[in-house]
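The numbers in my numbering rise by one with no breaks, and the one at position 94 of the sequence shown is 94.
Beta carbons are placed, not taken as given, at the ideal position from N, Cα and C, and that holds for glycine.
On a predicted model such as this, the values are computed, not experimentally measured, just so you know.
Following: one structure in structure tokens, then a few remarks.
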Amino acid sequence: RGVTPMLNVIYHQVRKHEEQGTPMPEMVLMYSNRTLGDIILKGELDALALKYPSLKICYSLTSATPEELKGSRILGKIDKALMAKHLPPPGETTFVSWCVKP
1 RGVTPMLNVI YHQVRKHEEQ GTPMPEMVLM YSNRTLGDII LKGELDALAL KYPSLKICYS
61 LTSATPEELK GSRILGKIDK ALMAKHLPPP GETTFVSWCV KP
């Protein structure tokens with residue numbers, strides 16, 4: 001539930017590619033919350049994104065103030081246009097997974 005399963009996928013990729021000595025694939029995590037204060041594990045995710053440039057974290061705030069929406073990594077509501085802008089196009093090597101609250 002929540003972001004934890006996706007964090008496990010990210011760590012699996014990190015371990016796998018560090019052990020094999022191969023570059024990490026491009027990965028995008030779109031993580032939606034109501035407000036900036038609701039983002040759990042933000043520090044850990046930001047640290048991973050800094051360490052691994054192929055990992056892009058896109059935060060979505062659904063009830064954000066205009067001040068919270070400032071900055072290149074804070075986005076509005078996730079919709080088709082936002083996904084088209086930040087996710088890779090469909091293809092044989094593209095994997096997309098959803099993790100949402102029930």
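Residue i: which of the options sits nearest, CA to CA?
i, options, result
"Thr-4", "Ile-39, Lys-80, Thr-94", "Ile-39"
"Met-27", "Pro-53, Ala-64, Ile-74, Ser-63", "Pro-53"
"Ala-49", "Pro-25, Gly-37, Ala-64, Leu-36", "Pro-25"
"Glu-44", "Ile-10, Thr-93, Pro-89", "Ile-10"
"Val-14", "Leu-55, Ala-64, Thr-65, Lys-77", "Leu-55"
Count the other C-beta atoms from every protein chain shown that fall within 10 angstroms of the C-beta of residue i, then say buried if there are 16 or more, exposed otherwise.
i, result
"Ala-47", "exposed"
"Leu-75", "buried"
"Ser-60", "buried"
Quick check: what's the CA-CA separation for residue i versus residue j?
i, j, result
"Gly-2", "Lys-70", "24 Å"
"Val-96", "Leu-87", "9 Å"
"Gly-37", "Gln-20", "37 Å"
Are the region 75–92 and the region 28–38 touching, with three or more C-beta to C-beta distances below 8 Å? yes
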